[in-house]
Structure formats: structure tokens, C-alpha cells
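Residue numbers (the numbering used here), protein chains in the order written: chain A, -5 to 250; chain B, -5 to 250; chain C, -5 to 250; chain D, -5 to 250.
Each residue gets a CB set at the ideal place from its N, CA and C atoms; glycine is no exception.
On a predicted model such as this, the values are computed, not experimentally measured, just so you know.
Below: one structure, written as C-alpha cells.
4 protein chains.
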Amino acid sequence: MTTVNLNADIGESYGVFHIGNDEEMIRFVQSASIACGFHAGDPSTMAQTARAAKDHGVSVGAHPSFDDLLGFGRREIRMNTRDVEYLVAYQIGALSAIATAVGTAVTHVKPHGALSNMAETDAEYAAAIARAIKSVDRDLIFVAIACSEMVKAGHKEGLRVAEEAFCDRTYDDSGKITSRRFADAVIRDPRVAVQQVLSFISEGAIITRTGKRISTPIRTFCRHGDEPTGVEVVRAVRESLAKQGIGAAPLPQLGF
Amino acid sequence: MTTVNLNADIGESYGVFHIGNDEEMIRFVQSASIACGFHAGDPSTMAQTARAAKDHGVSVGAHPSFDDLLGFGRREIRMNTRDVEYLVAYQIGALSAIATAVGTAVTHVKPHGALSNMAETDAEYAAAIARAIKSVDRDLIFVAIACSEMVKAGHKEGLRVAEEAFCDRTYDDSGKITSRRFADAVIRDPRVAVQQVLSFISEGAIITRTGKRISTPIRTFCRHGDEPTGVEVVRAVRESLAKQGIGAAPLPQLGF
Amino acid sequence: MTTVNLNADIGESYGVFHIGNDEEMIRFVQSASIACGFHAGDPSTMAQTARAAKDHGVSVGAHPSFDDLLGFGRREIRMNTRDVEYLVAYQIGALSAIATAVGTAVTHVKPHGALSNMAETDAEYAAAIARAIKSVDRDLIFVAIACSEMVKAGHKEGLRVAEEAFCDRTYDDSGKITSRRFADAVIRDPRVAVQQVLSFISEGAIITRTGKRISTPIRTFCRHGDEPTGVEVVRAVRESLAKQGIGAAPLPQLGF
Amino acid sequence: MTTVNLNADIGESYGVFHIGNDEEMIRFVQSASIACGFHAGDPSTMAQTARAAKDHGVSVGAHPSFDDLLGFGRREIRMNTRDVEYLVAYQIGALSAIATAVGTAVTHVKPHGALSNMAETDAEYAAAIARAIKSVDRDLIFVAIACSEMVKAGHKEGLRVAEEAFCDRTYDDSGKITSRRFADAVIRDPRVAVQQVLSFISEGAIITRTGKRISTPIRTFCRHGDEPTGVEVVRAVRESLAKQGIGAAPLPQLGF
């Protein structure tokens, strides 16, 4: 039986600043990437989120970011790669301790926002992230944008890499998500999202908006945007997988 | 043979903001408490400091603080104790990952500044810190102000507690350090500091400025202030211990 | 004709972290206190909020706070009073420039959260705030908790002081709002809020929950809490004032 | 008589984190650009620095930065230009209030670090800064890297622009400072710095390392680096100007 993973980025509140609908989303995913305090997520929010993940049988990952609360980690920051490496290690450790404190554990790492976007094509950033993961715990799974420099860097360091695709974004022929300048960039119809996910799984590839096939094994699916339709999209994908006889499991239970 | 520990608070720079003379201090201590990013200490500074500690055979501890870079963690902040607990856990974890990344490990926790000062007498803060330590790793040694609520809280949680006294501060009859309002609050003469340390060890007690004896086992000594004489004081204490046949070892090597 | 003021604390979002329903609230008040970046409110949010205030004919005030984004300015911080003074001056200036940039001006200052709560009874904090206001612009109106040390400090510095009461909190016989430990602390029924406001105005006093009358001239009313009923309470008060022939004007238009 | 200006970036400490030798530097310049809290400079440091400037007859300018304490404002951050605009306005206002509080005033604005570096060539960033200055106070002098997009943007907004060159950096034929990859990038010899300054003034141009002449009126000189020789360089330049009969005055006293 084919088994994949659905993941969500949660725990992105900060103090009284509330973001997201984690309580809903966590019901439909098997893994959660939790903000580590640098773009969102204070220690208590992290604890509450990790506990909720544990209670739902959802595996926990660190979602490290640039130190950019104001920009929610979405601003590109140019820094030296040594600093990127320790920035990531720090955040993995912070969440690991919180996870341990509430009785669960960090089992994957997925870069957030601009850090992820930059590392998609910047081999040095990608390598820094991979080194950080390896240096902290070589058993951590590296969740990386499919076909990115992060995938290469992760493999080079001998890490388990879970390539990720989005349910709710179309792809262009370069293998990247379609720019929001195009009308078909975002998928808001749950049925279309379901079709995309099922085709990516059955084809073992990303199928672009022009129909091009970019072969790569997608292990985990995420929604990308902040659309209010997000939960519905993920719920629909979860239900369609079950109907198709495709398993959905926490990342550590996928074979690598 | 009696064996004690000398510790120093290091790694308190932040980005280009340089503080302290860590390179000197680290030569005379056996354990170092490293800032974790909340009052000082960015990820790269933490890595550099942990690596220096490793290179000198110095054991590493987390030095968690209120989230107060502007006040260097010296401002008292009233927050709920649950938040204190995760604040501390977060910082222990952050440093642990960095320590792992550079090939060493966190083996103790010593609260910084106002967090420590408040927890000296506030049983709830003290308990929150002790719970945080236990929840992350029950083998961590809790370095706590001698005779404080932290000592009680640590014992209550079953932690190993290393009571700490200062080389360079006198004590009043309550067992606390003498207020700086008094002329004899700070010890700047290395010979006087040496005498204090040796008497505390031989007596198994704090000897106050009036000569009162408060029995408690001091396991580790630190300098308190920012006086430029700090390194000289610690160096003198280190040398006097050797002459007196008193061992000085990293905290994990002391019997508890 | 009697004229009073209704004010609201707005602009308390931060980057993508959205808080409050400013668009609704701003329709029912004549003055707005805008967060200045220390507990909430980034520069762009400040600009957007000041522009909205201008568009609604609402006068603008600075809402300075401790530097405490994580705690939303609700944590008590002990710092020296000189630092409090410049902390407040800084925030007044920051908002003033933003206000100027969008074509309006800061005309009052109202401390936020724990800073306000501490200065209610701490004469030194109160004096520091009053000095800050005077040093930046002695024409600024000081909006202060009725009967507080801030009122005294403002008068001592020769400032115009607008004493503030809450629509939605009852008062105990000390003149402070009733602790939330009591069931009647919060007023959620708009009709009860209206009665309280009208009685405070007609009596020229705070009427406590036991019926005690504490004579003091309330110039401005605010809702206190985060209850979802907040907008309804303020709207009801606004409408009742109109029906009673009581004017509602921006703070600078009240006679002092 | 020719009159120019020497300026220094000061007030770059933060809380207990001390940077620079402001007490020395302030004796040899006529204008000071003061950090505004975003890369350095807390409110109390700003007040102390502005007061020192006032005491030395030194005119005060805002030195706005990206919000980047960790990177000291030296990391390039990609953000939308509207946000840049309010980021700058905020900081000008914050310092203005502090300056007013201590009896002086902000009369110029000089972007710091990566913000300045990016705006040197990025016309949109440059325009955002110019708009910010104009929107807060159109009488403020815009101190901008000579020949940069900031110069053009300032002129376009009708601002007074003071083109700046460095005493201690050589220039390449593009009109930019020589990259530090070249051995002659930094001028550490005060006599060479003096020669460069005098030639730039007499020629009304930047003279590059190859001898090329780029005609532009330099109104103010600054040292660039953190070299310990910085004060000596500025002192030497100050003394040489006096000997050559060239005046040195605060920026507002230069004719524009």
C-alpha cells in the first residue's frame, strides 16, 4: 500500500497574537511543523501546540525561520551561512526541549518562509540547513521543497529527505510553484487539490500547469497559503486518500 | 580530597555587541553558564562559546533569562509561572542543540539575573524553573543560589542541586549577598576573595559579614559583578585551591 | 452642554498578527490611542491606523508600553524611572512622525497595560511618564486612570489631564476597577454600561459597586477588556450619549 | 571660505552592550548620526547621546536602520517599500522626541548599514527613504552616499541633500568604495585620509584609486569602518581642515 504524509504549519501564534485554526487543521494531518519563536511561536505556544500534536498522534517537526517576527519570517535576509546554520540548530533545540517537556519529540525539520524560499535555489543556505540538522540529530527527517537545493543538500549530508509538494498551488514547468501573478497559481477548489495530490502520488512526479511531468517522489503534502479554504482543502485531501486506499502516516513511519 | 567547582557566566555578547573577557575567564573555571539568547547570546555566539568551553575541558550549562535583551535580563518581570517554565525549557533546549552541534553537551542549568533573583525568594518561580529542568532532562544539575527557594524546589523535584556562593560578594546574616548600599558589599581584593572561598569550604557554610555561620554545602563558586578585577579574583581563587590541595572539577564530576 | 470623550485602544496588530476590530470600533469613538511598537503596532500598522483615525475625524494619541511584545505589555517590569521616561518619549515621537506623515497629529498620551497599572499607584513611574510627556510636547493631553498617581503627576507637571473611566468594568470602594476574581467585575450588558457612564457623568464621580461616590471629573471613557461585546458596549454608550444630549468630542476639543 | 562637515555615527550601544568611543569622536565632528533603536540605541542611550551632542555643539541626525539588532543593521532585508517608508519615519520621530526632551533637535537623516547600502543602488528603497524624510519634516537634510540613488531621490523630493564621502575608504572607478577584497580598500594612515579629504574638497569630486575624477559636491565626511584608528583619522582630518582654512560646521549651517 502506498503511504504518504500530510503536514501543516501550526503554532504560529505569538503571545496574545493569535493566528491560524490549529485545532481544526491538526485533525487532518499526520505531521505538524511548529514555529520555534523566530517568526512566531513563543515557548508557551510551542508547548501547547506540541501537546495538541501529541494528543492527536501527530508527529512534530521544527519550523525554523529567520529571526523576523515583524515580517513573519517572510522577508529575505542575507546573512552568512555559518549564522544560518546555528540559527537553525538553535530553533531545533528549543522545540526539542519543549517537545520533551510535554512528552513528545521532534522528528523532522522544515524551514519556514523566506528561509525555505531562499534555500530552494541557494545551495549555500541549503547546505547550512542540512548541516544544522545533521549536527543536532542525524535521525531528523528533512522536509524540503521538492526538486530544491535543499533536497540535494540533505542527501549529500546523508539525511532522510521528505520531498514536499503543495495541495493548493499549481506548478510551472521549472518545478516551482506558479507565481501568484498568474490566475491559476492558487487552488481553492478542494476537488482540484485532491486531483493534484492523487496525480502527484500515482505519477511519482510533479505535474505542472502545462501538463509536464517532473519525476520526483513526493512524500508529504502541505497547503501553502492562508486562504480560509485551507482546512477544507486538507480535509478533502485526507478523505480522498482514505477512499483511494492510500495510507497517511506520520513522517517517521514512512519508509526512507 | 575535597573537590569544588568554579563557574563563570560567559557568552554574553550579542551579534557585534561584545561583552566580557571570556577567553581569559574560561582558563580558570571548570564550568561555564552560557547565555541562551534571551538576555544575550545569539546562536553563533553560543556556538563559539560552547566550542571554547569544550576546548578548555569546561562543562557547559544553560544560563536562562527573562526575554529581556534591553535590560540584559536584570529587570524583574512578573509573568505566570507556566510561562516561566517553558521560557526556561526553551533556552535549555536551544543551547543543548548548539552544544551538540559543536561536540559538547549541556550538563547544568543556572538561572540568570532577575530570574534568579526573583526565584531566590519566590517559591513559585523556583518551582517553575525546577520543573522545567526536570521536564527537559532530569540529569541536569541545578546550580542555585545557596539557601534559596531554588535549592528547595530542586530537591523537591529530585534534581541534583549545586549550591552556589560568590567569591566577590559578602553575605549578610539573612544568607543573602550584602546590598551594594554597604561599602563592604563587593570584594575586589583577590586575597579577601580567596579567604572567603576557603572558609566557606572548610566550614561547610556561608560565613556572613558579622561572622555568623549559615551551614550549607557550597559546591560551586562564581564571581558576581562586572568589576574589571573579576578575572584576577577568579584566577587567585583557582590558584589558592590548588595550593590548599582542594580539587576543582567540572560540575558533573562532583559527587552528588 | 456637557461634552465627554470616548476613546479606544487600536492599532494593536503587529505585522501579520491581527488583533482587534478597529474598523468597527473607530466609528463610535472620538479619540484613539494607538500602539507604538513596544507591545504591538509596527510602523506600517501605525500609519494605517493613524490614517483611519484621520479619515473618521478621530483624534490620535500615543499608547506607550513597556518593551514587551511577547507579553503584550501586560507584564509588570521593574526598571529605573529614567529609563521609563525615555521609553515613553521615544514612543510618543515615533507615533508623532507617523501621524505627521499621514496628515494628522498626536494630541494625547495614554499609557498601556502594565505600565499604566503600575503607574496607577507608583508615584515614581507616574512622574516619569508625566515628565516624558512634558519634555516632548507640553500641549499633549495626559489620559490617565481616574484618581491615580498619574493624575497627580500630570497636574504637578502642569499638563492637561483627562481622567478616564471604563464603560465595562465596575469599581470597588478604593476607586480601582473591581478585581476579576469577583463575578461583577466585567460589564458585558450594554445597558448596564450605559447606566454606569451616564451616572459617572451626571454625578461627576465614580460610583462604586457598593454605591459609594468618589468625586472626580471623568473626561473620557474606554472599554477595558477584550470581550467580544466590546464594540456593542461602546456603540450603545455612544448612542445613549446622543439621546441624552451629551456631546462627544475628540479630546483636544474638550475644555480643560 | 569653503565650509564642510564631519559627521560620525554614534549612540550605537544598546542597554549594557557598549559600542564605540563616542566621547572621543564627538570632539572632532560637527554632526552626529544617532542610532534609533533598530540596529542599536535604546531610548536612554539615545537621550544620553543626544545630550552629549548638544553639549558639544554637534548637530543631531537620525540614523535609521532595518529592524535588525542581531545583525546590527548590516544584513540586507527585502521588504516592500511602503514598509521601508514607515520604518524610517518611525525612527526619525523616535529620535526627534528624545532630542526635544534633552533640548536639541533632529536636523538630518542618514540611513544606516544595509539599508543605506541597498538604497545606494535601489531606486525604490531610495525613494521610500526620501518620501519618509519629506513626510515627517521637509526641512530635514538627507545625508546620502555620494552619487547614489539616494541623492537623486532626495533631489526629486525637493530635499536638501548632503552628499557624503568617507575619509578612510578608497573609491573605485564606479564611484563606490573599493571592495574590501582589495588591499587598498581601507585607509588607516591619517595622513592619507587627510589627503583624500582635501583633494575631494578642492576638486569638487571623488578621486578614485586609479585617479579618475567623478565630479560631485561632497558636503560631509565620515569614517566608515570600525578600525581602532578611526578617532585618529577623524582628528587628523579635523586638524588639517583648520590648517587649510577650510571651515567645519554643523550640517544646518552649510549653505544648500
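- Along the stretch 146 to 184 of chain C, the beta strand (DSSP E) occurs as fully enclosed runs of 3 or more residues at 154 to 160, listed in sequence order.
- In the three-state reduction of the DSSP assignment, C/R21 falls in the coil class.
- Of all residues in the stretch 67 to 91 of chain A, only R69, E70, I71, R72 and M73 place a beta-carbon less than 7 Å from a beta-carbon of chain D.
- For B/G65, at least one C-beta of chain D is nearer than 9 Å to its own C-beta.
- Contact note: B/D61 reaches chain C through L64, using a C-beta cutoff of 7 Å and chain order.
- Going by DSSP, B/V103 is part of the beta strand (DSSP E) stretching over V100 to V103.
- A Cβ of chain C is located within less than 9 Å of the beta carbon of B/A108.
- Taking 7 Å as the cut-off between beta carbons, the residues of the stretch 5 to 26 of chain B near chain D are Y8, G9, V10, F11 and I13, in sequence order.
- Against chain C, the CB of D/P37 has a partner CB under 9 Å away; the residue lies at that interface.
- Of the candidates A/S209, A/Q85, A/R174 and A/E79, A/Q85 places its Cα closest to the Cα of A/G55.
- By the Cβ test, the stretch 232 to 248 of chain C is not in contact with the stretch 192 to 208 of chain D, since fewer than three Cβ pairs between them sit closer than 8 Å.
- Rounded to the nearest whole angstrom, the C-alpha separation of A/F194 and A/E221 is 22 Å.
- Using a Cβ distance threshold of 9 Å, C/H33 and C/G107 count as a contacting pair.
- Close partners of B/V130 in chain A (Cβ separation under 7 Å): A91, T94 and A95.
- Boundaries of the alpha helix (DSSP H) around B/A121: A117 to V130.
- By the neighbour-count criterion, in which a residue is buried when 16 or more other Cβ atoms sit within 10 angstroms of its Cβ, C/T164 is buried.
- Between D/T94 and the set D/M40, D/E17 and D/R132, the nearest pair of CA atoms involves D/M40.
- D/R185 and D/R207 have their alpha carbons spaced roughly 20 Å apart.
- For D/G31, at least one C-beta of chain C is nearer than 9 Å to its own C-beta.
- In terms of beta-carbon proximity, C/A34 lines the interface with chain A, with at least one pair separated by less than 9 Å.
- A residue is called buried when at least 16 other Cβ atoms come within 10 angstroms of its Cβ; B/E17 does not meet this threshold and is exposed.
- By the neighbour-count definition (other C-beta atoms within 10 Å, threshold 16), B/A46 is a buried residue.
- Around the CB of B/G198, fewer than 16 other CB atoms lie within 10 Å, so the residue is classed as exposed.
- Against chain C, the CB of D/A99 has no partner CB under 9 Å away; the residue lies outside that interface.
- For a Cβ distance threshold of 7 Å, residue set Y80 of chain D lies close to C/A41, ordered along the chain.
- The way I'd put it, the stretch 152 to 159 of chain C doesn't touch the stretch 215 to 232 of chain B; fewer than three beta-carbon pairs between them come closer than 8 Å.
- Non-local C-beta neighbours of C/T75 in its own chain, meaning closer than 6 Å and more than five positions away in sequence, comprise E118 and A122, ordered along the chain.
- Taking all protein chains in view, the Cβ of D/D116 is crowded by 16 or more other Cβ atoms within 10 Å, so the residue is classified as buried.
- Residue burial annotation: D/P244 is buried, with at least 16 other C-beta atoms found within 10 angstroms of its C-beta.
- Under the three-state reduction of DSSP, D/N15 is assigned to coil, being neither helix nor strand.
- Going by beta carbons, C/A242 and C/T(-3) fall inside the 9 Å limit.
- Among the bridge pairs identified by DSSP, D/H57 is matched with D/A29.
- Beta bridge pairing from DSSP links B/C216 with B/F160.
- Looking at the backbone, the Cα of A/M112 and that of C/C30 are separated by about 31 Å.
- Contact check for C/D167 and C/V180: beta-carbon distance about 18 Å, past the 8 Å limit, so the pair fails to qualify.
- Judged by DSSP secondary structure, D/S209 falls outside any alpha helix (DSSP H) and instead within the beta strand (DSSP E) spanning R207 to S209.
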